[in-house]
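Numbering (this note's numbering), first residue to last: 8 to 330.
Below: the structure, in structure tokens.
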């Protein structure tokens, strides 16, 4: 696989990421900020999603570009992170407006998704003041091209099956030079490991030992329900992914890319897309024009997307495990 510069979502030109976490509450926020409004689509496969403005990204709707994305812990409380990002961008005049009238603010388009980390042992006694707006403001202040992995951002308080979860990122380059990058916040019901081992399901897609170089052992792959997910059975669980490319894709193309990228969850986690998961993938293009890709290019980008998502998931878990 041809890797991009740093193996990060921000290898895609025109993207920045900011992260913040609350150590006591064991939760966090990740903000993805394109330099200019980016064309976007969304695909939801989990049975228990928590989202904001994903309906606005449907192919039949008015809006096809976003100003930012937020991922957060905190279940429904975490959706407030997008409020802070929208307020900050709106104050700068960045957002969607049907008309330019004095005194009428624009409306920043900030879709969001959340994961459930309320039962991870952190102090959630926040009363009427959850920390997510504050954390979003901190994440915006931290915006840059470095993406922390492991216990960071929206993945700070996450679990993956019965194991530490976290935030991971990866990227690759297509044959004609387009970059595909992914960022994943892994709080999954499914396990990232082969049963009874520390080898990752995503090992066949690993690049340069980026998550430990642990090859699959020579043993039969266990069938049925992975035993190390049983501790997670009473939790709500989610894997959130932001996928991006610099290829000039249309909104329907991005929807197809998000659908194909969902295969990365199945490559890295077992099981995936269950009734308690809130699995969501956002796909966006930073290209100024979105004339659409030919079928061969879109198929290649979708195949890369699945691999990159699998790698981002394993990297997030690996770095959390090593911290």
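A virtual CB, placed ideally from N, CA and C, is assigned to each residue, including glycine.
Buried or exposed, going by whether 16 or more other CB atoms sit within 10 Å of the CB of residue 215?
exposed
I want to check one thing, is the minimum distance from the CB of residue 123 to the heavy atoms of the ligand GTP below 6 Å?
Because no ligand of any kind appears in the structure shown, any question about the ligand GTP cannot be addressed here.
Could you please give the first and the last residue of the uninterrupted beta strand (DSSP E) stretch that includes residue 39?
34-41
How many Å lie between residue 149 and residue 26 at the Cα?
6 Å
Below 8 Å on the Cβ atoms is my guess for residue 199 versus residue 320; work out the distance and round it to an integer in Å.
7 Å
First through last residue of the alpha helix (DSSP H) which encompasses residue 92:
87-98
Between residue 139 and residue 203, what straight-line distance do the alpha-carbon atoms span, to the nearest angstrom?
37 Å
Does the segment 151-168 touch the segment 101-112, meaning 3 or more C-beta pairs lie closer than 8 Å?
no
Along the chain, which unbroken stretches of the beta strand (DSSP E) at least 3 residues long are found entirely within the segment 160-209?
173-180 and 186-194
With distances taken from CA atoms, which of 207, 266 and 53 is nearest residue 196?
53
Mind checking if residue 103 is an interface residue toward chain C, Cβ cutoff 7 Å exclusive?
Although the question refers to chain C, the structure presented lacks it and comprises just one protein chain.
Straight-line CA distance for residue 34 to residue 50?
24 Å
Helix, strand or coil: how does DSSP classify residue 296 here?
coil
Have a look at 91, 22 and 32 and flag the residue whose alpha-carbon is nearest the alpha-carbon of residue 126.
32
Backbone CA spacing between residue 218 and residue 210 [nearest angstrom]:
8 Å
When DSSP labels each residue in this structure, what does residue 79 get in the three-state scheme?
strand
Given a cut-off of 7 Å, decide if residue 17 and residue 187 are closer than it, judged by their beta-carbon atoms.
no
Is the number of C-beta pairs between the segment 80-94 and the segment 293-308 that are closer than 8 Å three or more?
no
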